[in-house]
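Position one of the sequence shown corresponds to residue 1 (our numbering), numbered consecutively onward. We put the CB at the ideal spot given by N, CA and C, even for glycine. Written out below as C-alpha cells is the structure these notes cover.
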Amino acid sequence: MTATDMLRLAIDIGGTFTDTVLVEGEDTILSSTKTLTTHGNPADGAMEGAARVMVQSGRSLDQLTGFIHGTTLATNALIERRGATVATVTTEGFRDILEIAYERRYSQYDINLEKPDLLVPRERALTVRERMSADGAVLIQMQDTAINALLDDIDASGAEAVAICLMHSYANPTHERRLRDVLTSQRPNLTVSISSDVSPEAREFDRLCTTVANAYIQPLMESYLNRFVEQFAAEGVTCPILMMTAGGGMCTVETAARFPIRLVESGPAGGAILAARIAARAGIDQVLSFDVGGTTAKLCLIDNARPQTSRQFEIARAARFIKGSGMPVRIPVIEMIEIGAGGGSIAGVDRLGRLTVGPKSAGSEPGPVAFGRGGSEPTVTDSDITLGYIVPDTFAEGHISIDPEASKAALTKVIGTKLDTDAMGAADGVSRIVDESMASAGRMHAVESGKDLGPRTMIAFGGNGPLHATRVARSAGVSRIVIPPNPGVGSAVGFLFAPVSFEIVRSRYSLLNTLDLVGVNALFDEMIAEAKAVVAQGAGDRNTETRRSAFMRYNGQGHEIEIALPDRALEKGDLQPLTRAFEEEYRKQFSRPVPGMQIEILNWAVQVATPDEAVPPTLLMPDLRTVEPGETRLILCDVEGTMKQAGFVPRNSLSPGQRIAGPALITEPQTTTLVSADFSAHVDAIGNLVLIKNPASSEAVGESKADQKGGAA
Numbered sequence: 001m002t003a004t005d006m007l008r009l010a011i012d013i014g015g016t017f018t019d020t021v022l023v024e025g026e027d028t029i030l031s032s033t034k035t036l037t038t039h040g041n042p043a044d045g046a047m048e049g050a051a052r053v054m055v056q057s058g059r060s061l062d063q064l065t066g067f068i069h070g071t072t073l074a075t076n077a078l079i080e081r082r083g084a085t086v087a088t089v090t091t092e093g094f095r096d097i098l099e100i101a102y103e104r105r106y107s108q109y110d111i112n113l114e115k116p117d118l119l120v121p122r123e124r125a126l127t128v129r130e131r132m133s134a135d136g137a138v139l140i141q142m143q144d145t146a147i148n149a150l151l152d153d154i155d156a157s158g159a160e161a162v163a164i165c166l167m168h169s170y171a172n173p174t175h176e177r178r179l180r181d182v183l184t185s186q187r188p189n190l191t192v193s194i195s196s197d198v199s200p201e202a203r204e205f206d207r208l209c210t211t212v213a214n215a216y217i218q219p220l221m222e223s224y225l226n227r228f229v230e231q232f233a234a235e236g237v238t239c240p241i242l243m244m245t246a247g248g249g250m251c252t253v254e255t256a257a258r259f260p261i262r263l264v265e266s267g268p269a270g271g272a273i274l275a276a277r278i279a280a281r282a283g284i285d286q287v288l289s290f291d292v293g294g295t296t297a298k299l300c301l302i303d304n305a306r307p308q309t310s311r312q313f314e315i316a317r318a319a320r321f322i323k324g325s326g327m328p329v330r331i332p333v334i335e336m337i338e339i340g341a342g343g344g345s346i347a348g349v350d351r352l353g354r355l356t357v358g359p360k361s362a363g364s365e366p367g368p369v370a371f372g373r374g375g376s377e378p379t380v381t382d383s384d385i386t387l388g389y390i391v392p393d394t395f396a397e398g399h400i401s402i403d404p405e406a407s408k409a410a411l412t413k414v415i416g417t418k419l420d421t422d423a424m425g426a427a428d429g430v431s432r433i434v435d436e437s438m439a440s441a442g443r444m445h446a447v448e449s450g451k452d453l454g455p456r457t458m459i460a461f462g463g464n465g466p467l468h469a470t471r472v473a474r475s476a477g478v479s480r481i482v483i484p485p486n487p488g489v490g491s492a493v494g495f496l497f498a499p500v501s502f503e504i505v506r507s508r509y510s511l512l513n514t515l516d517l518v519g520v521n522a523l524f525d526e527m528i529a530e531a532k533a534v535v536a537q538g539a540g541d542r543n544t545e546t547r548r549s550a551f552m553r554y555n556g557q558g559h560e561i562e563i564a565l566p567d568r569a570l571e572k573g574d575l576q577p578l579t580r581a582f583e584e585e586y587r588k589q590f591s592r593p594v595p596g597m598q599i600e601i602l603n604w605a606v607q608v609a610t611p612d613e614a615v616p617p618t619l620l621m622p623d624l625r626t627v628e629p630g631e632t633r634l635i636l637c638d639v640e641g642t643m644k645q646a647g648f649v650p651r652n653s654l655s656p657g658q659r660i661a662g663p664a665l666i667t668e669p670q671t672t673t674l675v676s677a678d679f680s681a682h683v684d685a686i687g688n689l690v691l692i693k694n695p696a697s698s699e700a701v702g703e704s705k706a707d708q709k710g711g712a713a
C-alpha cells in the first residue's frame with residue numbers, strides 16, 4: 001500500500017464534543033466535524049461523527065486503512081469516581097500504604113485539609129503473608145493456605161476488582177503472578193491488576209496507587225472498548241483500531257484494555273503532538289501549546305519540537321495546583337497543566353459576592369444555555385456569544401442552533417442582578433476571569449519548569465483555543481500566536497501523526513561504578529523484547545526505533561534525572577561518558593554538580609516506537625499585504641472595553657501573505673479566531689494563521705482605531 005492509498009480516521013471523545021477527522025494519504029484532510037458527546041454511550045456520538053465525515057467525503061467505513069481513537073472516559077471515570085469497587089492486596093505488615101502515603105501533608109498548616117481520595121478504604125485493604133527482598137530473593141514463601149484465606153476476605157469485601165502490589169515485586173514478580181493466576185482461575189468474574197505489569201518500579205505508594213487506578217477503571221474501559229470495536233465493525237470497519245496513550249504514542253485495543261491507566265489524558269496528548277509538528281514545520285524552537293475545549297484548558301511546553309514529558313502526574317487533586325493533593329500515578333505522560341476552564345465552564349456568584357467561573361462544566365448535557373438543551377446556568381460560551389465573539393449562523397457548522405437572547409437572560413439573572421450590571425457587563429467579567437485563570441495556569445506551569453513564557457510562540461487550537469488566544473497571550477506576556485489549519489479538531493489531527501509505541505520502566509538498583517553490566521544488558525534485552533511484541537501488534541512489519549535511558553541520582557537523594565543511553569549493550573567504557581552526561585544534566589537543573597558524590601541508578605527504561613516522521617521546516621515568509629474585510633460584526637473590544645465593529649472574515653477566503661488588522665473575527669467550520677484590537681493576523685506560507693501583538697500598548701490602541709475605520713463596512 002502506498003501513502004496515497006491510506007484512508008485514516010481519528011476520533012477524539014471529549015467531555016463536551018467528539019471530534020472526527022478523515023485523512024487521505026499523509027496529511028490531506030478530506031473532512032472533519034464536531035458532534036456533541038453522548039455520555040450514555042460515547043460510541044454513539046463517535047459513530048455520528050464518522051458517518052458525517054464519510055458522507056461529506058464520499059467514502060465509506062469499509063475503505064479505512066487506519067483508525068485512531070482517544071477518549072476522556074478513563075480520566076472522567078477517575079475524577080467522577082465511576083469505577084469498580086476495588087480491594088488491594090499487599091504484603092503482610094503493609095496494609096496501610098495508602099493511609100501513610102508520603103508521610104506528609106500537602107498543606108502543612110491547613111486545619112481543614114481535605115485528603116485525596118485514593119479509592120480504597122481501609123476495610124478493603126487486604127494482606128497476604130509473603131516477602132521478597134529488594135534484590136528479588138524469596139524471604140517468605142507464599143503458602144496455599146494464605147491464598148485461600150485471602151479469597152474469603154476478597155469475597156467478604158464485595159470487591160469487583162483487585163489491585164495486587166507486593167513488596168519488591170518489581171525485582172521478582174513470581175508471587176504477584178501466582179496470586180493473579182489463582183484469583184482469575186478461582187474467581188473468573190474478578191478483574192485483577194498486578195503492579196509488576198502496570199508499574200514495575202520502586203516506591204510502593206506510587207506503584208500501589210497506579211495499580212489501584214488501573215484496576216478501578218479496567219472493567220469500565222474493557223467493556224467500553226469492546227462495545228466500541230463491535231459497533232464500528234458492524235458498520236464495516238475491518239482495519240485495527242489503535243488507541244492514543246497519555247505518553248503520545250499509540251497502542252492496540254487489547255493493550256489498552258490491560259493497561260487503561262495509560263489512556264488517561266490521551267486526548268490532550270494528541271494536541272501536544274499536533275503543536276510539536278506545527279512547531280517543526282514552522283521552525284519554532286520554543287512553544288506554548290494552548291488547547292481549550294468545552295470542559296478544560298490544557299497548556300504544554302514544547303522545546304525543539306518535543307513536548308515536555310514526565311513519569312508521574314496526579315489525578316483529581318483535592319486542592320487545585322497543589323502537588324500532593326491528588327492520586328499519583330506513574331506512567332509515561334506528556335506533561336501539561338490542565339484546568340477546569342472551557343466553553344462549558346459554569347459562571348456564577350458565590351456567597352461572598354464574587355464572580356466565579358468553573359471548574360464545574362455544563363458539558364454537552366445539558367450544555368450552555370444558548371444550546372437550548374436544558375441548561376440554566378450561564379457558561380463561558382454564553383458569555384462569548386453575548387460579547388459578539390461567536391456568531392450563531394456559523395457555529396458548529398450550523399448543526400447546533402444558538403439562542404443569544406437565552407444567554408443574555410441567564411447572565412442577567414444569575415450574575416447581573418447580583419452584581420448590579422447588565423448582560424454585557426456580566427459576560428465581560430466572565431470572559432476576563434476565565435482568560436486570567438488560563439494565563440495564570442500557563443505562568444505557573446512555566447515557573448515550575450524553570451522556563452519563561454515571554455519568548456514562546458503560542459500554538460492555539462481546540463474549539464475555544466483560537467477564540468481566547470489573544471486575550472490569554474496578552475495576560476501571559478506572549479506576543480506571537482499560531483493557529484494551525486483545522487484547529488477546532490486539533491487533538492484528533494494530532495492522533496494521526498503519533499507513533500505506535502510502548503514504554504517500559506523497571507527498577508534495578510546499582511551504583512554506577514559497580515554496575516553489573518551483564519545483568520543490566522539482560523534486563524534491557526527482556527524489556528525490548530516485551531515492548532517490541534506490544535508495538536508489533538499495531539505497527540505490523542514497520543520499522544521501529546528503540547530508545548534506552550537510565551534514571552540516575554546522587555547516592556541518598558530522593559529523585560532521579562533521566563539520562564539517555566546508547567541503543568546497544570552497555571560496556572565498561574560507557575561509565576565515564578554516563579558520569580559526564582549526568583553531571584551536565586544535573587548542572588542544567590541545579591546550577592552545579594556535587595563533587596565527590598557517588599552516582600546511583602534506580603530505574604531503567606525502554607521505549608520502542610515507529611520512527612517519527614521527519615518534518616522539514618518551511619521558513620518561507622510571504623510578502624504581507626493588508627486586506628480590508630468585506631463584512632463586520634459588532635463586538636465588545638476586549639482592549640478598550642467598548643463596542644466596536646470587527647472585521648468578519650471566513651478563513652478559507654484568505655491566502656498566504658494576506659494580513660487582517662484587529663479587531664476581527666476569522667471564522668471556520670469548527671471555531672472562530674478572535675483577533676484583538678492590539679493584534680494583527682496574517683496567513684503564512686504553509687497555511688497557518690499567525691497573530692502578532694503590536695509593539696506597544698499605546699501604539700496598539702492607535703492602530704486598532706485606524707484599522708477599525710478602515711475595516712468598517
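Under 8 angstroms between C-beta atoms of residue i and residue j
i	j	result
S752	R306	Here the chain covers residues 1 to 713 and nothing more, so residue 752 does not appear.
S475	K693	no
A370	S407	yes
L274	P566	no
T295	G15	yes
A161	L190	yes
G247	P328	no
A347	V430	yes
G388	L634	yes
T381	P366	no
G45	T18	yes
Residue i - DSSP class collapsed to helix/strand/coil
i	result
Q63	helix
A159	coil
L647	According to the sequence provided, residue 647 is Gly. The question's Leu does not apply to it. In this structure, G647 counts as strand in the three-state DSSP scheme.
M54	helix
H39	coil
P695	coil
T211	helix
Y216	helix
I686	coil
V493	helix
H445	helix
N148	helix
Among the options, nearest to residue i - alpha-carbon criterion
i	options	result
F205	D153, T90, A319 and A531	T90
Y224	V253, I561, L36 and P328	V253
P650	G429, G662, P663 and T672	T672
L22	L515, M6, G519 and T37	M6
T379	T421, A427 and V391	A427
A341	Q607, N304, A362 and T514	A362
N112	F648, L636 and A319	A319
M621	E103, M132 and G283	G283
R456	V675, S185 and C300	C300
E613	A280, T35, H559 and R506	A280
T626	I100, A256 and S680	S680
6 angstroms CB neighbourhood of residue i in its chain, flanking five on each side removed
i	result
I164	V89, E176, L179 and I194
R258	none
P695	none
Own chain partners of residue i with C-beta closer than 7 angstroms, once the 5 adjacent residues on each side are dropped
i	result
S704	Because the pLDDT of S704 is 42, which lies under 50, any placement of that residue in the model is unreliable, and the question is left without a value.
G490	G271, L274, D291, F461, G462 and P484
R542	T610
Y586	I561 and P593
M1	Note that M1 scores a pLDDT of 48, beneath 50, so its modelled location is shaky and nothing firm can be said.
G465	F290, D291, V292 and P487
Close-in-space but distant-in-sequence residues of the same chain around residue i (CB under 8 angstroms, 5 per side omitted)
i	result
E583	P593
N172	M132, G136, A137 and V138
The ligand FMN heavy atom lying under 7 angstroms from the CB of residue i
i	result
F582	Summarising the ligand content, the structure contains no ligands, and the ligand FMN is consequently not present.
Quiz item: Any chance the segment 231 to 239 sits against the segment 530 to 539, with 3 or more Cβ pairs inside 8 angstroms?
Solution: no
Quiz item: Counting Cβ pairs, one atom from each stretch, are 3 or more of them under 8 angstroms apart for the segment 260 to 276 and the segment 72 to 87?
Solution: yes
Quiz item: If you pair each beta-carbon of the segment 182 to 189 with each one of the segment 209 to 220, do three or more pairs fall below 8 angstroms?
Solution: no
Quiz item: Is it a yes or a no for the segment 28 to 36 touching the segment 45 to 60, going by three-plus beta-carbon pairs under 8 angstroms?
Solution: yes
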